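Peer 1: Start counting the sequence shown at 2; every next residue gets the next number (the working numbering). We treat Cβ as the ideally placed atom computed from N, Cα and C, and that holds for glycine. Every value quoted in this text rests on a predicted model; they were computed, and no experiment measured them.
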Amino acid sequence: MPIVASDEDLGCGVAEHAFTLRVVTITTPSTRCYKGSNMNNNAQYTMGRTEAETKRLIQNARLYDEMTRRFLQRAGITKGMKVLDVGSGAGDVAFTLAEYVGPDGSVVGVDVNAEILDTARDRANASGFKNVHFIAGDARSLELLDTFDAVVGRLVLMYIPDPADTLKQLTTRLRPGGIVAFQEVDLALHKALASPETPLLRKLVDWECTIFKRTGAHIDMGIGLYRAFVEAGLPEPTLNLETPIGGAAVWPGYQQRAATFRNLLPLIEKYEIATAEELDIETLAERLRAEAVVAKRPVSLPPHITAHAVKGR
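#1: In the DSSP assignment, what are the bridge partners of Lys-83?
#2: Check whether the region 183–200 and the region 150–165 are in contact - that is, three or more C-beta pairs closer than 8 angstroms.
#3: Once you ignore the five residues that flank Asp-105 on each side, which residues in its own chain have a CB closer than 7 angstroms to its CB?
#4: Do you know offhand how far Val-1's Cα is from Val-206's?
#5: Whole-angstrom Cβ separation of Arg-174 and Thr-148, contact assumed at under 8 angstroms?
#6: What is the rounded straight-line gap between the Cα of Ala-76 and the Cα of Ala-310?
#7: Name the residue from Val-231, Val-113, Ala-62, Trp-208 whose alpha carbon lies nearest to the alpha carbon of Leu-280.
#8: Thinking C-alpha only, which one of Phe-72, Ala-91, Pro-197 is nearest Arg-298?
#9: Assuming Ser-89 contacts Gly-103 under a Cβ cut-off of 8 angstroms, what Cβ separation, rounded to an integer in Å, is found between them?
#10: Are the beta-carbon atoms of Thr-120 and Arg-141 separated by less than 8 angstroms?
#11: Is the region 221–241 close to the region 268–278, with three or more CB pairs under 8 angstroms?
#12: Quick one: Cα of Val-295 to Cα of Gly-247, how far?
#13: What three-state label does DSSP hand Asn-126 in the structure shown?
#14: List the residues that DSSP assigns as beta-bridge partners of Ile-136.
#15: Counting C-beta neighbours from all protein chains within 10 Å, is the total for Asn-61 16 or more, i.e. buried, or is it exposed?
#16: Using a threshold of 8 angstroms, state whether the C-beta atoms of Thr-172 and Ala-233 are closer than that.
#17: Ala-53 to Ala-91, Cα distance in whole Å?
#18: Around the Cβ of Val-108, are there at least 16 other Cβ atoms within 10 angstroms (buried) or fewer (exposed)?
#19: Starting from Leu-378, trace the beta strand (DSSP E) in both directions and tell me its first and last residue.
#20: State the DSSP-derived secondary structure class of Ile-224, mapped to helix, strand or coil.
#21: Measuring only the C-alpha atoms, how far is Phe-230 from His-191?
#22: How about Pro-177 and Thr-244: do their beta carbons lie closer than 8 angstroms?
#23: Give me the DSSP bridge partner(s) of Gln-184.
#24: What separation, rounded to the nearest whole angstrom, lies between the Cα atoms of Arg-288 and Thr-51?
#25: Specify, as a first and last residue, the run of the alpha helix (DSSP H) that Gly-254 falls within.
#26: How long is the line joining the alpha carbons of Leu-201 and Ile-59, rounded to whole angstroms?
#27: Which class does Asp-281 belong to by DSSP, given the choice of helix, strand or coil?
#28: Does Val-94 pass the burial test, meaning 16 or more other C-beta atoms within 10 Å, or should it be called exposed?
#29: For Gln-74, which option in Thr-97, Val-87, Lys-56 has the closest C-alpha, if you only look at C-alpha atoms?
#30: Assuming Asp-139 and Val-113 make a contact with CB atoms under 8 angstroms, what is their CB distance in whole Å?
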């Protein structure tokens, strides 16, 4: 299980203290079956639809950026491709795709949240991207004229009742030999990384899992990617696991964890998991930092698992 330390890996400018935990080639299928879910609608977006959440998404994308770039390269995204980005949000994955496909390629980003796509369009214009545009709607049912070379998504299947059926629908938008590539969080694995030596982090991870379960999200969607791909009729996917991890006095992950729980606080109180006083959001980042430094044990952000496969010809 190699641990690689470099500024490039985390993209946060603290190479001597920041790490990315990388585990590759996972072949164990999830034990959870998504088919036949009794949910008629997509799960609630757990983090809420606020300006603060949009900012958090952009900051989060920076921490996971190098991981996503490695994933897209492994999946085979190259110049000249036409790519469908599902669940584009503020546009970060779409912008990376736009870089990889170049001016001869194109990216269509789709999201059900029309408001956040206004932010994505503004950011695209500010950055000078001419080969990406965004459409509000459900990628499963939108009328799109193009057939794509790849369909990509990050942190989207976890909110969908039947991920396998969704993948099956999305692959109809691909040409023969097209690429299916998805990156999902696995909060169940995150619990395994939380040690008794870091009780605050462990408590936060427990709360996070409880909240996402209560809102209908698949907390084990990362491992569940294997089953979803196979049940969608796709070849067994190539899987990788990575997570940003750090334990130094200076690491942006502490602030990112605090930002996440700031946005989760309404649900923490709604579900009577804890009070605002117990969470004490204004000091949370500093308490996480102090705990990691004293325990000499690093703090991890939620691990992401990536999966990619090629549609049969």
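Peer 2: To lay it out plainly:
#1: Translated into positions along the sequence shown, residue 83 becomes position 82. Partner(s): Ser-107.
#2: Under the Cβ criterion (8 angstroms, minimum of three pairs), the region 183–200 counts as touching the region 150–165.
#3: Here the question's residue 105 lines up with position 104 in the sequence shown. These residues qualify, in order along the chain: Lys-80, Gly-81.
#4: Limits of the chain in this structure are 2 at one end and 314 at the other, which puts residue 1 out of reach.
#5: To locate residue 174, count along the sequence shown from 1; it is residue 173. To locate residue 148, count along the sequence shown from 1; it is residue 147. The pair is a contact, with the Cβ atoms about 7 angstroms apart (cut-off 8 angstroms).
#6: Taking the first residue of the sequence shown as position 1, residue 76 is located at position 75. Taking the first residue of the sequence shown as position 1, residue 310 is located at position 309. Each residue's alpha carbon lies about 7 angstroms from the other.
#7: Mapped onto the sequence shown, residue 280 falls at position 279. It is Trp-208 whose Cα lies nearest to the Cα of Leu-280.
#8: Here residue 298 refers to the residue found at position 297 when the sequence shown is read from its first residue. The shortest Cα separation from Arg-298 among Phe-72, Ala-91, Pro-197 belongs to Pro-197.
#9: Taking the sequence shown and counting its residues from 1, one reaches residue 89 at position 88. Taking the sequence shown and counting its residues from 1, one reaches residue 103 at position 102. With a Cβ gap of about 19 angstroms, Ser-89 and Gly-103 do not count as contacting.
#10: Along the sequence shown, read from residue 1 onward, the residue named residue 120 stands at position 119. Along the sequence shown, read from residue 1 onward, the residue named residue 141 stands at position 140. Between Thr-120 and Arg-141, the C-beta spacing is not below 8 angstroms.
#11: no
#12: By 1-based counting over the sequence shown, the position of residue 295 is 294. By 1-based counting over the sequence shown, the position of residue 247 is 246. Going from the Cα of Val-295 to the Cα of Gly-247 covers about 13 angstroms.
#13: As a position in the sequence shown, residue 126 is number 125, starting the count at 1. Three-state DSSP puts Asn-126 in a helix.
#14: Sequence index remark: in the sequence shown, residue 136 carries index 135 (1-based). Answer by DSSP bridge pairing, in chain order: Val-111.
#15: Translated into the one-based positions of the sequence shown, residue 61 becomes position 60. Buried, by the Cβ-count rule.
#16: On the sequence shown, position 171 is the one that residue 172 refers to. On the sequence shown, position 232 is the one that residue 233 refers to. Cβ distance < 8 angstroms, so Thr-172 and Ala-233 count as in contact.
#17: Residue mapping note: residue 53 aligns to position 52 of the sequence shown, counting from 1. Residue mapping note: residue 91 aligns to position 90 of the sequence shown, counting from 1. Their Cα atoms are separated by approximately 12 angstroms.
#18: Indexing the sequence shown from 1 puts residue 108 at position 107. So Val-108 ends up on the buried side.
#19: Outside the displayed range of the chain (2 to 314) lies residue 378, so it cannot be described from this structure.
#20: Here the question's residue 224 lines up with position 223 in the sequence shown. Here Ile-224 sits in helix by DSSP.
#21: Position 229 of the sequence shown, counting from 1, holds the residue named residue 230. Position 190 of the sequence shown, counting from 1, holds the residue named residue 191. Their backbone Cα atoms lie some 22 angstroms apart in a straight line.
#22: One-based indexing of the sequence shown puts residue 177 at position 176. One-based indexing of the sequence shown puts residue 244 at position 243. It is not a contact, given that the beta carbons lie outside the stated cut-off.
#23: Within the sequence shown, residue 184 is the residue found at index 183, counting from 1. Answer by DSSP bridge pairing, in chain order: Arg-155, Thr-307.
#24: The residue labelled residue 288 in the question sits at position 287 within the sequence shown. The residue labelled residue 51 in the question sits at position 50 within the sequence shown. The alpha-carbon atoms of Arg-288 and Thr-51 are separated by roughly 26 angstroms.
#25: Residue 254 sits at position 253 when you count from the first residue of the sequence shown. For Gly-254, the enclosing alpha helix (DSSP H) has its first and last residue at 253–271.
#26: Along the sequence shown, read from residue 1 onward, the residue named residue 201 stands at position 200. Along the sequence shown, read from residue 1 onward, the residue named residue 59 stands at position 58. Roughly 25 angstroms between the two C-alpha positions.
#27: Position 280 of the sequence shown, counted from the start, is the residue given in the question as residue 281. DSSP places Asp-281 in coil when its eight states are reduced to three.
#28: Residue mapping note: residue 94 aligns to position 93 of the sequence shown, counting from 1. Under this definition Val-94 is a buried residue.
#29: Here the question's residue 74 lines up with position 73 in the sequence shown. The option with the nearest alpha carbon to Gln-74 is Thr-97.
#30: As a first step, residue 139 is located in the sequence shown; it is residue number 138 there, counting from the start. As a first step, residue 113 is located in the sequence shown; it is residue number 112 there, counting from the start. Right, the Cβ-Cβ distance comes to about 6 angstroms (below 8 angstroms), so this counts as a contact.
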